[in-house]
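A.B. asks: For reference, each letter of the sequence shown is one residue, going 1008 to 1473 in the numbering used here.
No residue lacks a Cβ here, since even glycine has one placed at the ideal position from N, Cα and C.
Since the structure is predicted, the reported quantities are computational estimates derived from the model, not experimental observations.
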Amino acid sequence: MKLVVKTICCIGAGYVGGPTMAVIADNCPDIQVHVVDINEKRIKDWNDSNLSNLPIYEPGLENIIERCRGENLHFSTDVERAISDADMIFLSVNTPTKTKGIGAGQASDLKWIEKSARQVAKYARGNSIVVEKSTLPVKTAETIQKILNTENDKKDNQQSNFYVLSNPEFLAEGSAINDLIYPDRVLIGGDNDDAISALESIYLNWVAKEKIIKTNLWSSELSKLAANAFLAQRISSINSISALCEATGADIGEVSKAIGMDNRIGSKFLKPGPGFGGSCFKKDILNLVYIANYYGLNELAKYWQQVLDLNKWQNRRISKIIIKNLFGTLYEKKIAILGFAFKAETNDTRESPAINICKDLLEEGAHLSIYDPKVSSFQISTDLGCSHNYKSKEGSWISCDSIEDAAYNSDAIIIITEWEEFRTLDWEKLSQVMRFPAWLFDLRRITNVEKAREFGINVWNLGATG
Ligand code: NAD
Ligand code: UGA
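Put into structure tokens, the structure is as follows:
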């Protein structure tokens, strides 16, 4: 039986739901796409006529929203109605690490997935295709199917058929729109050919058929966790070598290039840094570790746990290096923090390496002046757990509107996020407003450190000596 999709509902208007549905709407003018969320403020922001107030920042997103919103792309809090109108329902809700109960600190918290599955079961009409877009532990599709069937059994008259598919999302923040328009692959896991064809036909509007991979449900769910684990593993690997470079006189830029030119290794994801951040790598590896232990594969669990341990170590060792170089005390020192987002081109700060580094420096009594082109002062205050006028012997912080403001009178500049504008810092100007002896700590290796040295600034460049 051919399943035709005319109306889509996406539960969850976050970093995945918003951009993914925008790209679907843009490429499928005949499909009405409704993105719903329980967070009223988020929906209000998605509907804001001023596009710079959209709840998330992604290059290219504003243009699509401008084209499609109100045409075939709609944002609302009316979850019930959107589900009942839909032929296909994407579950794109958050799946963070559990903070309490069994598996706390490792397993994914599936309460939002379960709640949305129950809503789907209650309000959906017949022949609905339910698509897992969230990243989920292997076998979650089974749980979702059970919830859908159970609720179905309670309905006296009208029965719905549910087809559960796994369609994990591989977009990276900051390049989400590009990743969605030109995906390396689209993965569809499922056991119902009609449902799989219906989802495939949506992607075929802009993705080549050879890029669409069809697998069983469990391979699809596991591939997503494994892909993130492999990517994170590369970052921990290069970061581990960065420390060895500092100890030996090798240069991580040169080593990274030499390794990456081997076709079998490849050059991507070999940039050293202050440790990976973002909402997913850590939680997905923790989940992998939890699943491995659950199946009694303890060696495997230990292996992947080490990727996380190394990441934490890299983050913490950098704080220590900064403090040590600034004569072991940050008392009455002003430090400019350039970048607070977990990576460039996003306003997302979840698990940003900047958070721990700033907290460590604050604890040493530093006064931080933080500049990030997209992260709000409110967000920084939420992440640091103290408001900006907080003053005590533990230090204080302010949010600045420009690089120059942040650098004014500072003893050190720390580049934490690789924003484009930090690549071309004017070291002559900055050296004139800093307090000497002045320091630069480039945790992304993006600025011209030779120029900084020329103007008398001491430099610590990640993964290099001197
Ligand atoms: P997010 O927190 O930005 O968005 C999730 C949204 O779901 C929130 O706005 C929340 O209010 C909403 N929500 C939760 N329960 C709901 C319910 N019952 N009804 C309606 N709305 C509900 O999360 P995200 O970053 O978009 O991630 C979503 C999923 O996608 C996660 O599983 C994540 O692992 C995965 N993922 C994320 C990325 C990324 O780059 N952020 C990339 C690939 C996959
Ligand atoms: C990552 C994956 O790249 C996506 O494929 C996946 O869909 C997504 O997680 C997810 O499941 O959430 P994202 O976290 O948005 O995407 O961004 P990345 O580009 O992967 O960067 C993650 C972190 O690693 C950032 O802190 C970044 O600065 C760091 N990184 C990345 C490095 O330190 N070095 C590198 O070479 C690459």
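Specify the secondary structure class of residue 1389 as computed by DSSP and reduced to three states.
C.D. replies: Here residue 1389 sits in helix by DSSP.
A.B. asks: How about residue 1019 and residue 1099: are their beta carbons less than 8 angstroms apart?
C.D. replies: Cβ distance < 8 angstroms, so residue 1019 and residue 1099 count as in contact.
A.B. asks: Out of 1289, 1213, 1229, 1359, which has the shortest C-alpha to C-alpha gap to residue 1139?
C.D. replies: Nearest C-alpha to residue 1139: 1229.
A.B. asks: Cβ-heavy atom distance between residue 1141 and ligand 1 below 7 angstroms?
C.D. replies: Yes, the beta carbon of residue 1141 sits closer than 7 angstroms to at least one heavy atom of ligand 1.
A.B. asks: If you compare alpha carbons, which of 1121, 1325, 1017 is closest to residue 1470?
C.D. replies: For the residues 1121, 1325, 1017, the minimum Cα distance to residue 1470 belongs to 1325.
A.B. asks: Relative to the C-alpha of residue 1307, which candidate in 1254, 1452, 1233, 1344 has its C-alpha closest?
C.D. replies: Of the candidates 1254, 1452, 1233, 1344, the one whose C-alpha sits nearest the C-alpha of residue 1307 is 1233.
A.B. asks: Just to confirm my understanding: we take residue 1416, look at its own chain, exclude 5 residues before and 5 after, and list those with CB closer than 8 angstroms. What are they?
C.D. replies: 1341, 1440, 1441, 1442, listed in sequence order.
A.B. asks: Taking 7 angstroms as the line, does the beta carbon of residue 1020 fall inside it for any heavy atom of ligand 1?
C.D. replies: True, at least one ligand heavy atom lies under 7 angstroms from that Cβ.
A.B. asks: If you reduce the DSSP assignment to three classes, tell me which class residue 1101 lands in.
C.D. replies: Looking at residue 1101 - three-state DSSP - the assignment turns out to be coil, as it is neither helix nor strand.
A.B. asks: Give me the residue from 1407, 1453, 1131, 1093 with the minimum Cα distance to residue 1427.
C.D. replies: The shortest C-alpha separation from residue 1427 is found at 1453.
A.B. asks: Would residue 1193 pass as a contact of residue 1170 if the rule is Cβ separation under 8 angstroms?
C.D. replies: No. Outside cutoff.
A.B. asks: Please work out which residues of its chain come closer than 7 angstroms, Cβ to Cβ, to residue 1291, disregarding the five sequence neighbours upstream and downstream, and give them in chain order.
C.D. replies: So the qualifying residues of the chain are 1142, 1232, 1235, 1236.
A.B. asks: Closest by CA to residue 1178, which one among 1035, 1286, 1322, 1016?
C.D. replies: Cα-wise, what sits closest to residue 1178 is 1286.
A.B. asks: At a cut-off of 7 angstroms, is residue 1286 close to ligand 1 when judged by its beta-carbon and the heavy atoms of the ligand?
C.D. replies: Checking every heavy atom of ligand 1 against the Cβ of residue 1286, one is found closer than 7 angstroms.
A.B. asks: Hey, is residue 1065 close to ligand 2, as in C-beta under 7 angstroms from one of its heavy atoms?
C.D. replies: Outside the cutoff, so no.
A.B. asks: What runs of the alpha helix (DSSP H), each 4 residues or longer, lie entirely inside the region 1089-1140?
C.D. replies: With a minimum length of 4 residues, the continuous alpha helix (DSSP H) runs that stay inside the region 1089-1140 are 1118-1130.
A.B. asks: Are there three or more Cβ pairs, one per stretch, closer than 8 angstroms when the region 1094-1109 is compared with the region 1047-1062?
C.D. replies: Result no; under three Cβ-Cβ pairs closer than 8 angstroms.
A.B. asks: If you draw a straight line from the alpha carbon of residue 1245 to that of residue 1422, how long is it in whole angstroms?
C.D. replies: Computed Cα separation, rounded: 19 angstroms.
A.B. asks: When the Cα of residue 1121 is compared with those of 1153, 1110, 1082, which residue comes out closest?
C.D. replies: It is 1153.
A.B. asks: Tell me the DSSP secondary structure of residue 1368 in three-state form.
C.D. replies: Residue 1368 falls in the helix class under three-state DSSP.
A.B. asks: Using the beta-carbon count (16 or more within 10 Å), is residue 1186 buried or exposed?
C.D. replies: Buried: at least 16 other Cβ atoms inside 10 Å.
A.B. asks: Less than 8 angstroms between the beta carbons of residue 1446 and residue 1345, yes or no?
C.D. replies: Cβ atoms of residue 1446 and residue 1345: not closer than 8 angstroms.
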